[in-house]
Amino acid sequence: MFFMKDFLFLAFFSGIAIALGFLISFYLLFVRSEQRFKLKFLGFLFMALSLRIVKSIMFFSGEIPNLAVAIGYLGLSCIGPLLWLYFKYFDVETQRLAPKDLLHFLPALIGTVHIAFSENPVASIYYLYTTYGLFIYVLTSWFKFRQYGETKTVFHRWNSLLILTVGCFGGIFLFQFYTDTMFNYAMGAVVAAIMVFVLLVFLLNNPVLFPSKKKSIAVDASLINRIKSELNAQKIYQEPSLTLDKFAKKLNRPTYLISRIIKQEYGMTFPELINYCRIQQVASALSNGRGKNVKIEALAYEAGFNTPSTFYTAFKKFTGMNPTEFQKTPSKIQAEVLSDPNLVYSKK
1 MFFMKDFLFL AFFSGIAIAL GFLISFYLLF VRSEQRFKLK FLGFLFMALS
51 LRIVKSIMFF SGEIPNLAVA IGYLGLSCIG PLLWLYFKYF DVETQRLAPK
101 DLLHFLPALI GTVHIAFSEN PVASIYYLYT TYGLFIYVLT SWFKFRQYGE
151 TKTVFHRWNS LLILTVGCFG GIFLFQFYTD TMFNYAMGAV VAAIMVFVLL
201 VFLLNNPVLF PSKKKSIAVD ASLINRIKSE LNAQKIYQEP SLTLDKFAKK
251 LNRPTYLISR IIKQEYGMTF PELINYCRIQ QVASALSNGR GKNVKIEALA
301 YEAGFNTPST FYTAFKKFTG MNPTEFQKTP SKIQAEVLSD PNLVYSKK
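In full-length UniProt numbering, the protein residues as written are 1 to 348.
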């Protein structure tokens, strides 16, 4: 038998999770400015999960109006699309949503309006089929996630947990739909709240997931000049085995300091900067005609690349074309590519 004190305890526990879910949603949407596009999807996802759990709590507390049921459905129907879009744009630089992606939210709009203003009991049908649809989004998000490749990073663990948790939410919602006791329905809401806690705890324990933008640091100008000298004059990037640790030891400075200076001065990570320098050397050689007498791969090795595949990938990334295409382009276009900020040693 489901006693009032049981309800109060479950409602209190679930309410805390919901409040934290809305809080992290607000934080990701309105406080954070870095990685804004990706964080928007995550923030709205937390909001959607919280809205769906709110509906569960209101349901086992008694009869609720159609509008509240509709809002709960809005949360449910947006979970899948938001999860998919989070993974679709996870590793993409764009800050603009493709118009066709908005179609994912059309069922949410239709269902929410229909439930809110319909006098017929249509909500259960919408809830059931939308929950089944959620599993389709979970599956497609999983396949998209598998394309990222890396398996030992905190980002991989977070994304794995996120997909698993949303999948569990789907299972909980189905359990609530088919259960025949109010206590089981209430316990489903509590388990869903626990899943929100799990996500929040993981985020708090791994702040590297969404690091705050670091403020500029004051650095001795002589150290900055030494870094530029090593890159421009000494061409240290030509060493194939060069690493940030080796570079820092050569400068007799802490690794973290060199990394932050490079990020501040050049707007890149150390590996990105080294590849930029190497590509510029090869591109310059191709532009002045050396590529006609020397194999392109030889130029790549000379610049410091270990393998041709790494070189070709980097060249395509930084110039927008492969080396052969670059050689065939007019000298004016080659000059424009070489003068592009993406190929300049320093953005200062």
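We put the CB at the ideal spot given by N, CA and C, even for glycine.
Cutoff 8 Å: residue i Cβ touching any chain C Cβ
{"i": "I261", "result": "No chain C appears in the structure shown, which is made up of a single protein chain."}
Contact set for residue i: own chain, Cβ-Cβ below 8 Å, skip 5 residues either direction
{"i": "G21", "result": "F46, M47, L49, S50, I53, V196 and L200"}
{"i": "T140", "result": "W84"}
{"i": "T165", "result": "M195, V198 and L199"}
{"i": "S118", "result": "N66"}
Assigned exposure category for residue i - 16 Cβ within 10 Å defines buried
{"i": "T310", "result": "exposed"}
{"i": "G289", "result": "exposed"}
{"i": "L67", "result": "exposed"}
{"i": "S25", "result": "buried"}
{"i": "I125", "result": "exposed"}
{"i": "F326", "result": "buried"}
{"i": "S331", "result": "exposed"}
{"i": "V31", "result": "exposed"}
{"i": "V190", "result": "buried"}
{"i": "I110", "result": "exposed"}
{"i": "K55", "result": "buried"}
{"i": "G320", "result": "exposed"}
{"i": "A298", "result": "exposed"}
Residues near residue i by beta carbon distance below 6 Å, same chain, minus five either side
{"i": "F173", "result": "T131"}
{"i": "F315", "result": "I279 and P323"}
{"i": "G43", "result": "S25, L28 and L29"}
{"i": "E302", "result": "none"}
{"i": "residue 381", "result": "Lying before the first or after the last residue shown, residue 381 is absent from the chain, which here runs from 1 to 348."}
{"i": "C78", "result": "A48 and A108"}
For residue i, the nearest candidate out of the options (CA to CA)
{"i": "H104", "options": "Q264, F169, L83 and D220", "result": "L83"}
{"i": "D91", "options": "F145, L251 and Y126", "result": "F145"}
{"i": "K235", "options": "V113, F26, G304 and V138", "result": "G304"}
{"i": "L102", "options": "I125, W158 and F41", "result": "F41"}
{"i": "L128", "options": "F177, W158 and T112", "result": "F177"}
{"i": "L244", "options": "E265, E272 and G267", "result": "E272"}
{"i": "S241", "options": "H114, H156, N306 and Y27", "result": "N306"}
{"i": "S222", "options": "I194, N120 and N252", "result": "N252"}
{"i": "A335", "options": "V294, F37 and L286", "result": "L286"}
{"i": "I261", "options": "W142, K246, N225 and L97", "result": "N225"}
{"i": "P107", "options": "A298, L134, E119 and T313", "result": "L134"}
{"i": "R96", "options": "L39, Q147 and G167", "result": "L39"}
{"i": "A157", "options": "F44, E119, F175 and L203", "result": "First, the amino acid is wrong: residue 157 is Arg here, not Ala. Nearest option by C-alpha distance: L203."}
{"i": "T147", "options": "N120, F175, E119 and Y89", "result": "According to the sequence provided, residue 147 is Gln. The question's Thr does not apply to it. Among N120, F175, E119 and Y89, the Cα nearest to that of Q147 belongs to Y89."}
Through-space distance from residue j to residue i, alpha-carbon basis
{"i": "F12", "j": "I57", "result": "10 Å"}
{"i": "P99", "j": "P308", "result": "38 Å"}
{"i": "L23", "j": "K263", "result": "31 Å"}
{"i": "N205", "j": "S160", "result": "16 Å"}
{"i": "F169", "j": "L76", "result": "10 Å"}
{"i": "residue 349", "j": "A233", "result": "Here the chain comprises residues numbered 1 to 348, so residue 349 is not present and cannot be evaluated."}
{"i": "G15", "j": "V113", "result": "26 Å"}
{"i": "K295", "j": "F270", "result": "27 Å"}
{"i": "T255", "j": "Y276", "result": "20 Å"}
{"i": "V122", "j": "A192", "result": "24 Å"}
{"i": "A19", "j": "K246", "result": "48 Å"}
{"i": "K228", "j": "F318", "result": "20 Å"}
{"i": "V154", "j": "A248", "result": "25 Å"}
{"i": "G267", "j": "E230", "result": "18 Å"}
{"i": "G167", "j": "K250", "result": "50 Å"}
{"i": "M187", "j": "T313", "result": "52 Å"}
{"i": "L257", "j": "D220", "result": "11 Å"}
{"i": "E265", "j": "F37", "result": "25 Å"}
{"i": "E63", "j": "S259", "result": "58 Å"}
{"i": "F175", "j": "L74", "result": "19 Å"}
{"i": "G171", "j": "A17", "result": "19 Å"}
{"i": "T329", "j": "K292", "result": "14 Å"}
Own chain partners of residue i with C-beta closer than 7 Å, once the 5 adjacent residues on each side are dropped
{"i": "A300", "result": "V282, P308 and F311"}
{"i": "P81", "result": "H104, F105 and Y137"}
{"i": "A116", "result": "N66, L67 and A70"}
{"i": "Y237", "result": "L231, I274, C277, R278 and G304"}
{"i": "V344", "result": "The predicted model places V344 with a pLDDT of 40, which falls under 50 and marks its position as unreliable; any figure quoted below should be read in that light. Contacts found: none."}
Residue i CB to nearest heavy atom of the ligand PLP below 7 Å
{"i": "T313", "result": "Of ligands this structure carries none, so the ligand PLP is not represented either."}
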